[in-house]
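Down below is the structure, laid out as structure tokens.
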Amino acid sequence: MTFGNVVERCRQNESELVQEWRDVVARSLSGRLPAALVEKELRDILDALLGALEAGGGTDPLAEPYAEVRALLVELSRDRAQQGFSPRETAVSVFGLKEAVSRVLGEDDVAGFFRVIDELGLYTFETYTKAREEVITNQAEQLLELATPVVKLWDGVVALPLVGTLDSARAQVVMEKLLQTLVDTGSEHAIIDITGVPAVDTQVAQHLLRTVVAARLMGAECIISGIRPQIAQTIVALGIEFGDIATKASLADALLLALSRLDVDVNAEIAKRSR
0 MTFGNVVERC RQNESELVQE WRDVVARSLS GRLPAALVEK ELRDILDALL GALEAGGGTD
60 PLAEPYAEVR ALLVELSRDR AQQGFSPRET AVSVFGLKEA VSRVLGEDDV AGFFRVIDEL
120 GLYTFETYTK AREEVITNQA EQLLELATPV VKLWDGVVAL PLVGTLDSAR AQVVMEKLLQ
180 TLVDTGSEHA IIDITGVPAV DTQVAQHLLR TVVAARLMGA ECIISGIRPQ IAQTIVALGI
240 EFGDIATKAS LADALLLALS RLDVDVNAEI AKRSR
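Take 0 as the starting number for the sequence shown in numbering that gives the first Met the number 0 and just add one per residue.
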């Protein structure tokens with residue numbers, strides 16, 4: 000299928016075509032992007048599209064002549080996904096060209112061109128979906144980072160307060176952050192506080208044990224605090240063994256134990272720091 004006539008007519012009416020297309024897209028985006036930016040995006044896509052048709056790209060958006068068009072659509076899809084636009088608002092940026100063509104060129108001899116636009120619109124939708132999944136994954140990873148703070152309590156003592164469920168993905172983040180903090184601070188003791196963990200099962204216990212072992216390989220000892228009565232009963236019922244790992248009911252008790260291991264005179268230190 001050749002598109003010589005359609006391409007020639009598009010070239011002759013390019014400015015008007017881009018303006019009509021921009022207006023269609025702008026209505027969908029409700030002014031959330033500058034009109035000049037939208038117009039540049041669409042003009043670049045149209046120029047690349049017409050070039051692909053002139054090069055014999057046909058109706059297959061995966062054909063080599065469409066490489067530049069695909070690159071522009073991937074960039075547009077990722078930008079829209081990161082900016083929070085919906086799949087429909089993103090797809091209009093492509094499908095809106097059909098409405099613009101109908102207004103400027105009419106309905107004669109454009110059926111094949113419309114088929115190309117439809118294929119590119121579907122390609123854009125698929126690309127948007129992948130980009131949106133990447134955005135969601137990155138946001139989830141960032142939330143894991145924010146939900147897993149490691150704080151320095153004293154010289155040589157850091158604490159890792161856990162809140163919420165400890166699954167495999169989060170356990171990996173917990174371990175990495177704790178080990179990195181031990182390296183950065185040179186701390187010899189780490190307190191893992193599970194007061195905010197709603198339940199401890201075998202899987203959670205295994206995650207904790209692996210974290211403690213990894214810390215020991217770095218030369219640090221761990222204390223697990225926040226062992227509430229319900230948690231203690233569950234641990235006993237499940238037959239979970241913490242071995243020689245110290246456990247305490249509260250973070251305060253764990254800190255006192257860590258300081259005693261460092262031979263810190265707490266009262267003297269408090270008096271010195273209050274001067």
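Beta carbons: idealized from backbone N, C-alpha and C, even for Gly.
Bear in mind the structure is a predicted one, so any value in this text is a computation, not a measurement.
Asked, Found
"Select from D107, Q11, Q81, I244 the residue whose C-alpha is nearest the C-alpha of L32.", "Q81"
"Buried or exposed for I135, please, with buried defined as at least 16 other CB atoms from any protein chain shown within 10 angstroms of its CB.", "exposed"
"What is the rounded straight-line gap between the Cα of N266 and the Cα of I193?", "27 Å"
"So for V150, helix, strand or coil by DSSP?", "strand"
"Span of the beta strand (DSSP E) holding T180?", "Note, T180: premise wrong, no beta strand (DSSP E); alpha helix (DSSP H) at 167-184."
"Using 8 Å as the threshold, is the C-beta distance between G155 and L75 below it?", "no"
"For M0, I'd like the list of residues in its chain whose CB is within less than 7 Å of its CB, leaving aside the five on either flank, ordered along the chain.", "Confidence at M0 is low in this model, with a pLDDT of 49, below 50, so the placement of that residue should be treated as unreliable; the coordinate-derived value is given next. If we look at M0 and ignore the five residues flanking it on each side, its Cβ neighbours are G57, T58, G111."
"Can you tell me the Cα-Cα spacing of I191 and I222, whole angstroms?", "6 Å"
"Within 10 angstroms of the Cβ of G120, are there 16 or more other Cβ atoms? Answer buried if so, exposed if not.", "buried"
"Put L161 into one of helix, strand or coil per three-state DSSP.", "strand"
"Who are V156's beta bridge partners in DSSP?", "W153, H188"
"Less than 8 Å between the beta carbons of D108 and N12, yes or no?", "no"
"Within 10 angstroms of its Cβ, does L96 collect 16 or more other Cβ (buried), or is it exposed?", "buried"
"Spell out the partners DSSP gives A195 in its beta bridges.", "In the sequence under discussion, the amino acid at residue 195 is Gly, which differs from the Ala named in the question. Beta-bridge pairing links G195 to V162."
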